[in-house]
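>
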Amino acid sequence: MVSDNTKIGTGLMFLGFTFLFLGILFLFDSALLALGDILFLTGLTLTIGVHRTLRFFSRRDRLRGILAFFGGVALVLMRWPMVGMVAQVYGLVYLFGQFFPIAAASLKDVPVIGGVFRHPAVEGFFASFGRGGAGDRRAPV
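Next up, the structure:
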C-alpha cells in the first residue's frame, strides 16, 4: 500500500518536471524554472521521506554534485536561468549517474523503445555512466 505522502510527493514531482519543461520551452523563463525546482524538491522529500532525502544530500562522496545542483537552484532563483540549469543538469548527472545504466537495462524490455536501448552505441553510452565509482551498480537513493 502506498502512503498518502508518497502519492502527493509523486504528484508534486510530476508538476515540478512539468514546470521545468515549460520553463525550458518558454526560453528559460526563470519563474517557471524556480517553481519547478521548488515543486521537484518538495515532491522528492515527500516521496522518499525527510530522513532519506537529508541522508542522500549530505553524503561527502557526492559533494560536487550536491553543490552543483543546489548552486544551480540558487542561480535560477537569482534569475540566471541558463547558467543555473546547466549547473543543475551537471549536478543531477553527477548524483544519479550510477542509476542511468540500471534504468537503461530495464528499458531494454519495453516493447517499442527496447530496440533502441539494445543498440551497441546506446549500451556503451549508458555503460560509461557506471564507470569510475566504487564498481557496484545500485540505485542512488
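By my numbering, the letter at position 125 of the sequence shown is numbered 181, and the numbering carries on one by one without gaps. Just so it is clear, CB atoms sit at the ideal spot from N, CA and C, and this is done for glycine as well.
Please classify G153 as buried or exposed, where buried requires at least 16 neighbouring CB atoms within 10 angstroms.
Taking the sequence shown and counting its residues from 1, the one referred to as residue 153 is at position 97. Classification for G153: buried.
> For P167, does the count of other Cβ atoms within 10 angstroms reach 16, so buried, or fall short, so exposed?
Taking the first residue of the sequence shown as position 1, residue 167 is located at position 111. Exposed, by the Cβ-count rule.
> For V142 and T62, I'd like the C-alpha separation in whole angstroms.
Walking along the sequence shown from the start, residue 142 turns up at place 86. Walking along the sequence shown from the start, residue 62 turns up at place 6. If I take the Cα positions, the gap works out to 29 Å.
> F125 and L88 - do their beta-carbons sit closer together than 8 Å?
For the purposes of this step, residue 88 is taken as the residue at position 32 of the sequence shown. For the purposes of this step, residue 125 is taken as the residue at position 69 of the sequence shown. No, these two residues do not count as a Cβ contact at 8 Å.
> Can you say whether R120 is buried or exposed, counting buried as having 16 or more other CB atoms within 10 angstroms of its CB?
To locate residue 120, count along the sequence shown from 1; it is residue 64. R120 should be labelled exposed.
> How close, in whole Å, do the beta carbons of F75 and L95 come, if the pair is a contact with beta carbons under 8 Å?
Locating residue 75 in the sequence shown gives position 19, counting from the first residue. Locating residue 95 in the sequence shown gives position 39, counting from the first residue. Indeed, because the Cβ distance is near 6 Å, the residues count as touching under 8 Å.
> Need the endpoints of the alpha helix (DSSP H) that Q144 sits in, please.
On the sequence shown, residue 144 is found 88 positions in, with the first residue counted as 1. Segment 137–152, the alpha helix (DSSP H) holding Q144.
> Considering only the alpha carbon of each residue, which of G128, T101, Y150 lies closest to R116?
Residue 116 sits at position 60 when you count from the first residue of the sequence shown. Comparing Cα positions, the closest option is Y150.
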